[in-house]
RNA sequence: GGCCCCAUCGUCUAAUGGUUAGGACAUCAGGUUUUCAUCCUGGUAACAGGGGUUCAAUUCCCCUUGGGGUCACCA
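Residue numbers (our numbering): 503 to 975.
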């Protein structure tokens, strides 16, 4: 049997990280089984249309390396299909018209809440006479079509959780077709998954309780029932369902902050699944090879930003300088950093190993291309004094001024030259290197002075030392 | 509240009817180093509780507790 999975988000305008993982797992499984990965847009709620959302979704999915094999199928373009199926249900008495107003439903719900009885539709419209119904229909009274949930219970086997049974009396007579003629999720999802021959429904845990409605529909239509795999939720640090209120949830936001798609994919893949338990870093290809629905965890996973940061740093460090330059271009642009290519290349080379995101590269570029305001006290090493710092900086000025340009081709050569000065004078490293580094960076923490000299070049280095010296009176 | 689901270090997780319960992130302490980062070494840290079953339970069963999800003409 040809495996078909689908990712079926509603078009909210961005891709939620939970959605990313759902899409990823669906993609991994389809690829591993040599099957088909479908994208379907669930836009049956006309009150929540977001312009451009479909395009944004496809763009993000594609840049994340998860392009669908088929689709996008747009539910709002398939209304006839849903109506047709609704009619079938009506004809067989599996569904019924409901003319109840929203006000009545609201009152009903409040009553049920007050009396602590089950929150279900009371089937007031189920026993309407044929004449009544025809008349209301003829008068265009607003109405919906509801599923007539049969008695009994519904059992299904989830690929991740095993057998689950829910009493049908717990299931509401779900609205299938809304007043506006659009289907609800429950109708559309069943009709479409069948129509598209989806074999494995991989989706979030929050859908588990509505599976009975779907199974009931599958049975009423006589459709074969697909496999279900409900993924554990991705959680906030407080263990609630990952939400906007507690940080970024949009994949686009992470991308914009300078997280790499590889890191995001890798990180999210490990939320609820552990391919081999002997390492943390996996390529997409490896994930495809190792993916196993039965090995997915049952419990929710907290989204740990610290680990994402670490992982992004790991991926960043595997990139070549040239790759990092390319990757950081959009960040330089949005941060309005104009910088010389060769200078930026050196910044990348040096900052590479202390990077967490690409945005930081743009930040560093900005800092290093600005003239700095000095904090004179920073120039003095804790074990030395002003006179000492001044003496060394003056001496170093001439050391650097006399360096051949060829020395600047290699960080190690710069280091050798400076170290030679230290050796010949039998100085302490700190006496020389601290003021030098501080003069160049005016930062308490920074790359070492050799790297800074190499990065800034002779002129800028001398200029910065001069500036520092002018403060040491 | 009804129903459903879940339960190993702070977090992500591995393993097993008999193990010193392993790894990673975070954290702490050392080493390297002028500082930071990297890197190296080491440490702290978990089987929610109670009953069973068993020669033996973290592992299997039950209960409790805790957490989560869901109860829309939203998905």
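Virtual Cβ for every residue (Gly too), placed ideally from N, Cα, C.
Worksheet item: Could you give the residue range of the beta strand (DSSP E) that holds residue 572?
Response: On the first chain, position 70 is the one that residue 572 refers to. Taken as a continuous stretch (DSSP letters only), the beta strand (DSSP E) holding residue 572 covers 572-576.
Fill in: Beta-carbon proximity of residue 774 to residue 799, cut-off 7 angstroms
Stepping through the first chain from its first residue, residue 774 is reached at position 272. Stepping through the first chain from its first residue, residue 799 is reached at position 297. It is a contact, given that the beta carbons lie within the stated cut-off.
Worksheet item: Between the stretch 870-889 and the stretch 936-951, do at least 3 Cβ pairs fall closer than 8 angstroms?
Response: yes
Worksheet entry | Three-pair Cβ contact test at 8 angstroms for the stretch 966-974 versus the stretch 913-932 | no
Worksheet entry | Nearest-angstrom beta carbon gap, residue 717 and residue 732 [assumed within contact, 8 angstroms] | Taking the first residue of the first chain as 1, we reach residue 732 at position 230. Taking the first residue of the first chain as 1, we reach residue 717 at position 215. The C-beta distance from residue 732 to residue 717 rounds to 13 angstroms, too long to meet the 8 angstroms contact threshold.
Item to complete: Give the DSSP bridge partners of residue 892, in chain order.
Response: Counting from 1 along the first chain, the entry for residue 892 is found at position 390. Partner(s): none; residue 892 has no beta bridge.
Worksheet item: Taking C-beta to C-beta, are residue 963 and residue 902 nearer than 7 angstroms?
Response: Translated into positions along the first chain, residue 963 becomes position 461. Translated into positions along the first chain, residue 902 becomes position 400. Between residue 963 and residue 902, the C-beta spacing is below 7 angstroms.
Item to complete: Tell me, please, which residues DSSP counts as bridged to residue 677.
Response: The residue given as residue 677 occupies position 175 in the first chain. Per DSSP, 648.
Worksheet item: Do residue 753 and residue 522 have their C-beta atoms closer together than 7 angstroms?
Response: As a first step, residue 753 is located in the first chain; it is residue number 251 there, counting from the start. As a first step, residue 522 is located in the first chain; it is residue number 20 there, counting from the start. Yes, the Cβ-Cβ distance between residue 753 and residue 522 is below 7 angstroms.
Worksheet item: Going by DSSP, which residues form a beta bridge with residue 752?
Response: As a working note, residue 752 is residue 250 in the first chain. Paired residue(s): 518.
Discussion item. Using only the alpha-carbon positions, how far apart do residue 873 and residue 969 sit?
Written reply: For this step, residue 873 is matched to residue 371 along the first chain. For this step, residue 969 is matched to residue 467 along the first chain. Going by the C-alpha atoms only, they are around 10 angstroms apart.
Item to complete: Kindly indicate the opening and closing residues of the beta strand (DSSP E) around residue 539.
Response: Walking along the first chain from the start, residue 539 turns up at place 37. Where residue 539 is concerned, the enclosing beta strand (DSSP E) stretches over 538-543.
Practice prompt. Can you grab the Cα-Cα spacing for the pair residue 724 / residue 812, in whole Å?
Written response: In the first chain, counting from the first residue as 1, residue 724 sits at position 222. In the first chain, counting from the first residue as 1, residue 812 sits at position 310. Cα to Cα, the separation comes out at about 50 angstroms.
Item to complete: Could you check what DSSP says for residue 882 in three-state terms: helix, strand or coil?
Response: As a first step, residue 882 must be located in the first chain, where it is residue number 380. Here residue 882 sits in coil by DSSP.
Practice prompt. Check residue 877 in the structure and name its three-state DSSP category.
Written response: As a first step, residue 877 must be located in the first chain, where it is residue number 375. It is coil, neither helix nor strand.
Worksheet item: Can you tell which of 889, 509 and 830 has its C-alpha closest to the C-alpha of residue 570?
Response: Mapped onto the first chain, residue 570 falls at position 68. For the residues 889, 509 and 830, the minimum Cα distance to residue 570 belongs to 509.
Practice prompt. Kindly indicate which residue of 630, 846 and 855 has the alpha-carbon position closest to the one of residue 864.
Written response: As a first step, residue 864 is located in the first chain; it is residue number 362 there, counting from the start. When each option's Cα is compared against that of residue 864, the closest is 846.
Fill in: Whether residue 933 touches residue 886 by CB criterion (7 angstroms)
By one-based count along the first chain, residue 933 stands at place 431. By one-based count along the first chain, residue 886 stands at place 384. Contact: yes.
Item to complete: Select from 730, 937 and 771 the residue whose C-alpha is nearest the C-alpha of residue 806.
Response: As a first step, residue 806 must be located in the first chain, where it is residue number 304. Cα-wise, what sits closest to residue 806 is 771.
Worksheet entry | Cutoff 7 angstroms; reference residue 858; Cβ partners in own chain excluding five residues on either side | As a first step, residue 858 must be located in the first chain, where it is residue number 356. 811, 814 and 815, listed in sequence order.
Worksheet item: How long is the line joining the alpha carbons of residue 936 and residue 891, rounded to whole angstroms?
Response: The count along the first chain starts at 1 and reaches residue 936 at position 434. The count along the first chain starts at 1 and reaches residue 891 at position 389. If I take the Cα positions, the gap works out to 9 angstroms.
Worksheet item: So residue 554 is in the beta strand (DSSP E); what residue range does that whole segment cover?
Response: If you number the first chain from 1, residue 554 lands on position 52. Unbroken run through residue 554: none, as it is neither H nor E.
Item to complete: Answer yes or no: do residue 916 and residue 952 have a C-beta to C-beta separation smaller than 7 angstroms?
Response: For the purposes of this step, residue 916 is taken as residue 414 along the first chain, with counting starting at 1. For the purposes of this step, residue 952 is taken as residue 450 along the first chain, with counting starting at 1. Result yes, Cβ atoms of residue 916 and residue 952 sit closer than 7 angstroms.
Discussion item. Given this structure, state the Cα-to-Cα distance separating residue 577 from residue 793, to the nearest angstrom.
Written reply: To locate residue 577, count along the first chain from 1; it is residue 75. To locate residue 793, count along the first chain from 1; it is residue 291. Approximately 30 angstroms, taken between the alpha carbons.
Discussion item. Here's the rule: buried if 16 or more other CB atoms are within 10 angstroms of the residue's CB, otherwise exposed. What is residue 551?
Written reply: Here residue 551 corresponds to residue number 49 of the first chain, with the count starting at 1. That one is exposed.
Worksheet item: Just how far apart, CA to CA, sit residue 829 and residue 758?
Response: For the purposes of this step, residue 829 is identified with residue 327 of the first chain, where counting begins at 1. For the purposes of this step, residue 758 is identified with residue 256 of the first chain, where counting begins at 1. In a straight line, the C-alpha of residue 829 is about 11 angstroms away from that of residue 758.
Worksheet item: For residue 843, which of helix, strand or coil comes out of DSSP?
Response: The count along the first chain starts at 1 and reaches residue 843 at position 341. The answer is helix: DSSP assigns residue 843 an H, G or I state.
Worksheet entry | Buried or exposed (CB count within 10 angstroms, at least 16 for buried), residue 528 | Here residue 528 corresponds to residue number 26 of the first chain, with the count starting at 1. Around the Cβ of residue 528, a 10 Å sphere holds 16 or more other Cβ atoms; the residue is buried.
Discussion item. Among 604, 538, 592 and 517, whose alpha-carbon lies nearest the alpha-carbon of residue 563?
Written reply: The residue you call residue 563 lines up with position 61 of the first chain. Of 604, 538, 592 and 517, the residue nearest in Cα terms is 517.
Worksheet item: What is the rounded straight-line gap between the Cα of residue 870 and the Cα of residue 824?
Response: By 1-based counting over the first chain, the position of residue 870 is 368. By 1-based counting over the first chain, the position of residue 824 is 322. The straight-line gap from Cα to Cα measures roughly 19 angstroms.
Item to complete: Would you mind giving the Cβ-Cβ distance between residue 801 and residue 734, rounded to the nearest angstrom? I have them listed as a contact below 8 angstroms.
Response: Counted from its first residue, the first chain places residue 801 at position 299. Counted from its first residue, the first chain places residue 734 at position 232. Going by Cβ atoms, the distance from residue 801 to residue 734 rounds to 6 angstroms, so yes, they are a contact pair.
Discussion item. Nearest by alpha-carbon distance to residue 893: which of 918, 875, 924 and 906 is it?
Written reply: Here residue 893 corresponds to residue number 391 of the first chain, with the count starting at 1. For residue 893, the nearest C-alpha among the options comes from 924.
Worksheet entry | Three-state class that DSSP yields for residue 850 in the structure shown | Counted from its first residue, the first chain places residue 850 at position 348. Residue 850: helix per DSSP, three-state reduction.
Practice prompt. May I ask you to report which of helix, strand or coil DSSP gives residue 832?
Written response: Translated into the one-based positions of the first chain, residue 832 becomes position 330. Helix at residue 832.
Worksheet item: If you draw a straight line from the alpha carbon of residue 699 to that of residue 719, how long is it in whole angstroms?
Response: As a first step, residue 699 is located in the first chain; it is residue number 197 there, counting from the start. As a first step, residue 719 is located in the first chain; it is residue number 217 there, counting from the start. Looking at the two C-alpha atoms, the distance is approximately 15 angstroms.
Worksheet item: What span of residues does the beta strand (DSSP E) with residue 706 cover, start to end?
Response: The count along the first chain starts at 1 and reaches residue 706 at position 204. Counting along the chain, the beta strand (DSSP E) containing residue 706 begins and ends at 702-706.
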